[in-house]
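Colleague: First the structure, which I've put down as structure tokens, then a few questions once you've had a look.
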Amino acid sequence: MAQQKITAPRGTKDVLPSEVYKWHFVESVARETARRFGFSEIRFPTFEHTELFHRGVGDTTDIVQKEMYTFEDRGGRSITLRPEGTASVVRASVESSLFREGLPVKVYYIAANFRYEKPQAGRLREHHQFGVECFGAAGPEADADIIALAYTYLSTLGIKKTELQLNSIGCPECRKKYNEALKAYFEAHRDGLCETCLDRLGRNPLRLLDCKEEKCREINKDAPLLSDYLCQECAEHFAGVKAALDSVGIKYTENPKLVRGLDYYTRTVFEFVSNAIGAQGTVLAGGRYDGLVEELGGQPTPGLGFGSGIERVLLQMEAEGVQLEDNSKPDLFIAAADEEARKAVGPLVLALRASGVAVERDLMGRGVRAQMKYASKIGAAYTIVIGTDEIEKGQVKIRDMETGKERECPLDPYSIVALVDNTIKI
RNA sequence: GUGGGUGUAGUUCAGCUGGUUAGAGCAUCAGUUUGUGGCACUGAAAGUCGCCGGUUCGAAUCCGGUCACCCACCCCA
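The number in the numbering used here is simply the position in the first sequence, starting from 1, with 25 added.
Structure, rendered in structure tokens:
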């Protein structure tokens with residue numbers, strides 16, 4: 026009697042053997058791109074003290090207010106499954122004094138994030154991110170470098186059809202002035218605003234710019250622009266970022282309404298956006314966060330970085346028709362014709378595997394014909410059938426499964442490896 | 001948290017206005033004179049028709065609830 030099935034928790038996804046090669050590809054491109062740009066990997070725990078995210082991500086954000094997986098552990102500590110990676114990176118770096126051992130500190134990670142959201146296209150409760158962070162560099166070349174890394178990463182994956190949107194949200198000084206101007210403007214148009222906007226007006230007027238409600242959009246059109254309120258330094262920094270991007274030929278669209286959802290951002294914010302994968306079209310997003318390290322107890326240290334959702338990147342690749350090859354197929358399948366041969370196949374297969382060849386054999390007790398069918402199905406490049414004849418003669422036929430051609434080969438691991446490894450066309 | 005759509009073999013789906021043994025393609029497994037794959041042919045296995053309740057002589061089909069998935073809002077990668 027079968028037990029009732031247990032399904033994966035809502036908003037989580039298994040990566041099955043048949044598609045895991047796609048993940049391997051994305052991860053290897055991420056690692057290689059990071060390496061070329063001079064970033065080292067950092068790993069950190071899956072859960073942290075809840076306090077870290079309250080301070081690091083920001084108390085007013087939706088993530089902290091209603092999306093965290095928070096629980097008390099058996100020792101009475103408040104623990105949270107990380108909803109994003111940046112706070113952990115900063116915590117770990119401060120804790121181990123990385124910033125005192127020389128700047129800049131450049132690190133990347135590939136890690137799962139957890140947010141209690143309602144799942145939809147491109148949005149999960151557990152999702153994975155390739156993230157990159159750079160600390161210590163205050164100048165605009167650093168911003169451009171991070172964006173160039175993002176751009177290289179996406180193009181190497183075969184993603185061409187995203188738009189890079191760019192904005193500067195200034196420093197706390199100029200943002201304060203802008204916030205006041207914004208508040209004043211929206212107060213004057215109160216009657217025309219939707220309810221959520223009215224609600225936010227007092228707390229975070231920046232967010233109103235993002236509203237998709239038709240009537241709010243109308244009002245947004247003539248709202249004051251942040252670019253008019255940037256202080257001298259911020260304006261120069263932003264101009265520097267744009268000039269640096271121009272010089273390397275990376276195209277961008279200035280989007281004065283682009284506001285990121287995490288409280289820690291300052292100055293540069295950017296997103297690579299797609300319109301091909303549903304409403305959640307942001308494939309990669311990031312920016313500068315010059316106040317975060319200090320907020321988390323370190324010396325004032327500028328920082329910047331981005332996060333890119335691997336599931337979304339995969340969706341985008343799919344949408345753009347990027348073709349990947351599953352390279353997990355075996356090099357060789359060795360079929361046994363009788364009991365005697367089955368005994369001989371075991372040691373042979375082990376010897377070949379020790380030499381680096383991916384070899385499979387029958388574990389299901391099938392006949393030769395069925396073994397060949399199976400070898401074909403799993404995509405083995407070569408097959409060998411061994412029976413009493415072959416063992417007596419010490420010779421086997423090795424067959425190229427693509428062409429169907431066969432070739433004689435001595436029955437010893439070295440000869441077989443030589444044929445399979447050199448991928449000699451038979 | 002709010003709203004819309006969808007739940008039938010492993011999978012993609014069919015099943016007309018409720019009628020008795022719930023079907024097909026693909027996939028799986030076995031075989032086509034027993035030592036050779038892809039094609040073809042034969043056959044087999046596989047479903048408490050998401051779950052619970054209601055209406056009815058009778059429910060995959062109608063009604064209610066619930067859960068899950070998909071999509072959108074909110075927000076975000």
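For glycine and all other residues, C-beta sits at the position ideal for the given N, C-alpha and C.
Expressed to the nearest angstrom, what Euclidean distance is found between the alpha-carbon atoms of M93 and K368?
Modeller: The sequence position of residue 93 within the first sequence is 68, counting from 1. The sequence position of residue 368 within the first sequence is 343, counting from 1. Their backbone Cα atoms lie some 56 Å apart in a straight line.
Colleague: Assuming A360 is part of the beta strand (DSSP E), what are its boundary residues?
Modeller: Here residue 360 is taken as the residue at index 335 of the first sequence, counted from 1. It spans 357 to 361 - the beta strand (DSSP E) in which A360 sits, taken as one unbroken run.
Colleague: I need the DSSP call for S193, collapsed to helix, strand or coil.
Modeller: Position 168 of the first sequence holds residue 193. In this structure, S193 counts as strand in the three-state DSSP scheme.
Colleague: If the criterion is Cβ atoms closer than 8 Å, does the pair N204 and L231 meet it?
Modeller: Taking the first residue of the first sequence as position 1, residue 204 is located at position 179. Taking the first residue of the first sequence as position 1, residue 231 is located at position 206. Result yes, Cβ atoms of N204 and L231 sit closer than 8 Å.
Colleague: Going by other Cβ atoms of all chains shown within 10 Å of its Cβ, with 16 needed for buried, is A342 buried or exposed?
Modeller: Position 317 of the first sequence, counted from the start, is the residue given in the question as residue 342. Ala is not the amino acid found at residue 342; the sequence shown has Met there. It counts as buried.
Colleague: Classify P246: buried if its beta carbon has 16 or more other beta carbons within 10 angstroms, exposed otherwise.
Modeller: In the first sequence, the residue the question calls residue 246 occupies position 221. The sequence given here places Lys at residue 246; Pro does not occur at that position. Exposed.
Colleague: DSSP has I135 in a bridge; who is on the other side?
Modeller: What you label residue 135 is simply residue 110 of the first sequence in a count that begins at 1. DSSP, once it has assigned bridges, lists F155 as partnering I135.
Colleague: Classify C199 as helix, strand or coil using the three-state DSSP reduction.
Modeller: The residue you call residue 199 lines up with position 174 of the first sequence. Reduced to three states, the DSSP call for C199 is helix.
Colleague: Which residue wins for smallest C-alpha separation from R140, given the options L321, H153, V132, Y133?
Modeller: By one-based count along the first sequence, residue 140 stands at place 115. Among L321, H153, V132, Y133, the Cα nearest to that of R140 belongs to H153.
Colleague: DSSP three-state call for I416: helix, strand or coil?
Modeller: For this step, residue 416 is matched to residue 391 along the first sequence. Here I416 sits in helix by DSSP.
Colleague: E433 to V442, Cα distance in whole Å?
Modeller: Locating residue 433 in the first sequence gives position 408, counting from the first residue. Locating residue 442 in the first sequence gives position 417, counting from the first residue. Between E433 and V442, the C-alpha separation is close to 14 Å.
Colleague: Taking DSSP's pairing of strands, which residues face I411 in a bridge?
Modeller: Locating residue 411 in the first sequence gives position 386, where the first residue counts as 1. A361.
Colleague: Is Q396 helix, strand or coil by DSSP?
Modeller: Taking the first residue of the first sequence as position 1, residue 396 is located at position 371. Helix at Q396.
Colleague: Strictly by DSSP, which residues pair up with I104?
Modeller: Counting from one through the first sequence, the residue named residue 104 turns up at place 79. Paired residues: H74, F96.
Colleague: Is the closest heavy atom of the ligand GDP to the C-beta of H49 under 7 Å?
Modeller: Ligands displayed in this structure: none; no statement on the ligand GDP is therefore possible.
Colleague: Leaving out five residues on either side along the sequence, give the residues of the same chain with a beta carbon under 7 Å from the beta carbon of G412.
Modeller: What you label residue 412 is simply residue 387 of the first sequence in a count that begins at 1. So the list reads A362, D363, A366, once near-sequence residues are dropped.
Colleague: Spatial neighbours of R378 within its chain, please: CB distance less than 7 Å, with the 5 preceding and 5 following residues excluded, ordered by chain position.
Modeller: Residue 378 sits at position 353 when you count from the first residue of the first sequence. Closer than 7 Å at the Cβ level, and outside the excluded window around R378, lie V384.
Colleague: Report yes if the CB atom of V115 is closer than 8 Å to the CB atom of I67, and no otherwise.
Modeller: Along the first sequence, one-based indexing puts residue 115 at 90. Along the first sequence, one-based indexing puts residue 67 at 42. Cβ atoms of V115 and I67: not closer than 8 Å.
Colleague: Are there three or more Cβ pairs, one per stretch, closer than 8 Å when the stretch 93 to 108 is compared with the stretch 69 to 80?
Modeller: The answer is yes - the stretch 69 to 80 touches the stretch 93 to 108, with three or more Cβ pairs under 8 Å.
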